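Residue numbers (UniProt numbering): 1 to 238.
Note that beta-carbon positions come from the ideal geometry of N, C-alpha and C, so glycine has one too.
If you're wondering where the values come from, they're calculated on a predicted model, not measured in any experiment.
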Amino acid sequence: MTQQFAGTPRIALVTGANKGVGLETVRRLVDGGYRVYLAARDQERGRAAAAEVGATPIVLDVGSDESVAHVADLVQLAEGHLDLLVNNAGITGPLRDVHDYTAADISEVLLTNVAGYVRVMHAFLPLLETSPDPRIVNVSSGIGSFGLFHDLDRIEATAGTPLYAASKAAINMLTVRYARLLPHIRINIADPGMTATDLSGQRGHSVQDGTDAIITFAFADEGGPSGTYRDRDGELPW
């Protein structure tokens, strides 16, 4: 069943949204009554994806201060506020033998996956703080969980590169710290799990299943949780 809000549409922006988990998130938000800005680095792919799901395309590079500030200005002029920010843009980084990883490799991953989230949150906090019920969902992964790392029956214990895992663990701590420092904004972590996207080599469950946790946070009742970490089945260990 599609979850919906009554009354005036809420405004959302989703990064990394031209395919995979990001695009399915946009689709479900639009179906549920949100007015959504589909943010993607590639203009043509973003336009095509937005036309498919009924969203507004917007070009955004999470690695650029200028690009992110420009998009925040556009949303400010068009809407005056933002109700939901979904930080989803990310990369896995290079796949190498562990002996061959370099400082440049980890810098690239952290700049996109962690600094990119901070850059976007910094730019959009003023718009979120004018919403009566602001929410941020930071898309992370169970690969960043220390608890799941020690459970050898879980795929998270062995999947992914150490660089990608480190970036997701950083996102998790970043999110709970932001949630504590900004109690007026509900800020949570969603783990899509192993989802059939380009990032996973098309292995895993459907993108609809992968977006369930994001949608749960997006449509939670007012006064819902903040600083939590979950997948589609419930809360995850840190």
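Give me the Cβ distance between residue i and residue j, rounded to the nearest whole Å; I'm assuming they're in contact under 8 Å.
i	j	result
Arg186	Arg135	5 Å
Gly144	Ala165	6 Å
Please indicate yes or no: does the CB of residue i lie closer than 8 Å to some heavy atom of the ligand ATP?
i	result
Asp97	Ligands are entirely absent from the displayed structure, and the ligand ATP is therefore not among its contents.
Using a threshold of 9 Å, state whether the C-beta atoms of residue i and residue j are closer than that.
i	j	result
Thr56	Leu38	yes
Asn188	Val137	yes
Gly193	Glu24	no
Val71	Val59	yes
Gly160	Ser141	yes
Asp112	Ala89	Before going further, note that residue 112 is Thr rather than Asp in the sequence given. Yes, they are a contact pair.
If you run the structure through DSSP and keep just helix, strand and coil, what is residue i?
i	result
Met1	Because Met1 carries a pLDDT of 43, less than 50, the predicted location of this residue cannot be relied on, and no value is offered for it.
Asn113	helix
Asn88	coil
Gly193	coil
Ile185	coil
Leu77	helix
residue 261	No statement about residue 261 is possible, as the shown extent of the chain runs from 1 to 238 and does not include it.
Ala159	coil
Pro126	helix
Applying the 10 Å Cβ sphere with the 16-neighbour rule, what's the burial state of residue i?
i	result
Gly116	buried
Thr102	exposed
Arg96	exposed
Ala190	buried
Gly223	exposed
Asp231	buried
Taking only the alpha-carbon atoms, compute the straight-line gap between residue i and residue j and give it to the nearest angstrom.
i	j	result
Val62	Leu128	18 Å
Glu108	Asp212	29 Å
Ile106	Thr8	43 Å
Gly46	Ser226	30 Å
His99	Ile11	46 Å
Thr130	Leu85	13 Å
Leu82	Ile91	25 Å
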